[in-house]
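A.B. asks:
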Amino acid sequence: MSEVQTHEARRVALESGATTTVECWGEAGPAILCVHGITSSRRDFTRLGEALAPTHRVFAYDQRGHGDAESDRPMSLDVLAADLRAVADSIGTVAAVVGHSWGGAVALVGGPKVARALVLVEPLIRVAPGTFDREYVDDLAGLLANPPGAERDDAVRAMFAGADHRDRDGKVHGMRALQLDTLRRLGSDNRVDDGGWDLRARLAALKIPATVLLAGSESVVAADDLAGASATVRAETFDGHGHTLHRSAFDRFAEIVREAVPA
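With the sequence shown counted from 1, adding 185 to any position gets you my numbering.
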């Protein structure tokens, strides 16, 4: 298959006045807007964009503090959802929002106002008080102690040496300028230690179709996170795959997105 060239990369202004970069693959067809997770960037969806470009337009943008995003504060989910809506407004009609992990939470908060369907990959529906730093910050302290530059880039490449080169390049891009304080604010701005990160009520109130993709082991989504979900929500488990199943089981993931948004 011939290489698919990026159709467009442009800066988009958010409500705050800060800007981010939005990238698009494909020239025609339904629009899919993708939201990346912690330590990633818009380039986490390069493979999806290339795969669906013949029939869809796939958009992805850099969330605050990641990739080429201009701003890294505040980091509350409501503000991040407003960023999503600003990007969606710059696109026009959005058929579906796809979100991974943190991006899945942002998609759940902001996506129903801009799209007809959601695909949530291992979304952070609920984060238990007292666990955020341990689960999402502390392990990165050593790596992010390296200032932005070649040494950090090389360390990230080494961490993902076995990954598809596009996924590896995406991680380098996502973490190139990332600061540890940005991740800490993601927890504190959402009052995680006070129980503030709990999106089960939003999942229960959904009125649009949503497909939740779950890791077969060590999923961040607990069984009771989905217990009260709306009838429009269906879950699919990827046995043998972990939190980044959209990379490790890419073909299956891409087919589910394609089915959620018929061309």
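Every residue gets a Cβ at the ideal spot worked out from N, C-alpha and C, and that includes glycine.
Return the bridge partner residues of Leu237 from the DSSP annotation.
C.D. replies: DSSP output for Leu237 lists no bridge partner at all.
A.B. asks: Which class does Leu391 belong to by DSSP, given the choice of helix, strand or coil?
C.D. replies: coil
A.B. asks: In chain order, which beta strand (DSSP E) runs of at least 3 residues are fully inside the stretch 253-308?
C.D. replies: 281-285, 302-306
A.B. asks: Using three-state DSSP, classify Arg228 as helix, strand or coil.
C.D. replies: helix
A.B. asks: Considering only residues of the stretch 375-442, which uninterrupted alpha helix (DSSP H) runs meet the minimum length of 4 residues and lie entirely inside it, listed in chain order?
C.D. replies: 385-390, 430-433
A.B. asks: Just how far apart, CA to CA, sit Arg270 and Ala414?
C.D. replies: 23 Å
A.B. asks: Using alpha carbons as the reference points, say which of Ala194, Pro259, Leu388, Phe244 lies closest to Ser373.
C.D. replies: Pro259
A.B. asks: Assuming Val304 contacts Thr396 (C-beta within less than 8 Å), just tell me the rounded distance between them.
C.D. replies: Indeed, because the Cβ distance is near 5 Å, the residues count as touching under 8 Å.
A.B. asks: Taking just the CA atoms, how far does Ala216 sit from Ile156?
C.D. replies: Residue 156 falls outside the range modelled here, since the chain spans only 186 to 448, and no answer is possible.
A.B. asks: Identify every run of the alpha helix (DSSP H) within the stretch 303-355, keeping only runs that are complete inside it and at least 4 residues long; order them along the chain.
C.D. replies: Taken in chain order, the unbroken stretches of alpha helix (DSSP H) that lie wholly in the stretch 303-355 and span 4 residues or more are 317-321, 326-329, 335-344.
A.B. asks: Could you check how far apart the C-beta atoms of Val406 and Ile310 are, in whole angstroms? I think they sit under 8 Å.
C.D. replies: 6 Å
A.B. asks: Residue range of the beta strand (DSSP E) that Gly218 falls in?
C.D. replies: Note that residue 218 corresponds to Leu in the displayed sequence, not to Gly. Note, Leu218: beta strand (DSSP E), 216-220.
A.B. asks: Quick one: what's got a C-beta closer than 7 Å to Lys298's C-beta in the same chain, skipping five residues either side?
C.D. replies: Arg270
A.B. asks: What are the boundary residues of the alpha helix (DSSP H) that Arg196 is part of?
C.D. replies: That residue, Arg196, is in no alpha helix (DSSP H); its beta strand (DSSP E) goes 193-198.
A.B. asks: Count the C-beta pairs between the stretch 324-343 and the stretch 244-257 that are closer than 8 Å, then say yes if the count reaches three, no if not.
C.D. replies: The answer is no - the stretch 244-257 does not touch the stretch 324-343, with fewer than three Cβ pairs under 8 Å.
A.B. asks: Would you say Ala389 lies against chain C (beta-carbon separation less than 8 Å)?
C.D. replies: The structure shown has no chain C; it contains just one protein chain.
A.B. asks: Since Arg242 is in the beta strand (DSSP E), which residue starts that stretch and which ends it?
C.D. replies: 242-246
A.B. asks: Candidates Gly214, Arg385, Glu336, Asp247: which alpha carbon is nearest Gly288's?
C.D. replies: Asp247
A.B. asks: Out of Leu398, Gly427, Arg437, state which residue places its alpha-carbon closest to the alpha-carbon of Arg419.
C.D. replies: The shortest Cα separation from Arg419 among Leu398, Gly427, Arg437 belongs to Leu398.
A.B. asks: Under three-state DSSP, which class holds Asp357?
C.D. replies: Here residue 357 turns out to be Val, not Asp, going by the sequence shown. Looking at Val357 - three-state DSSP - the assignment turns out to be helix.
A.B. asks: Report back the beta-carbon spacing between Val220 and Val291 to the nearest angstrom; my notes put them in contact at under 8 Å.
C.D. replies: 5 Å
A.B. asks: Quick one: give me the first and last residue of the beta strand (DSSP E) that Val446 is part of.
C.D. replies: Neither: Val446 is in no beta strand (DSSP E) and is coded neither H nor E.
A.B. asks: Between the stretch 343-351 and the stretch 203-214, can you find at least three pairs of beta-carbon atoms closer than 8 Å?
C.D. replies: No, because fewer than three Cβ pairs between the stretch 203-214 and the stretch 343-351 fall closer than 8 Å, the two stretches do not touch.
A.B. asks: Can you give the Cα-Cα distance for Ser226 and Ala412, rounded to whole angstroms?
C.D. replies: 31 Å
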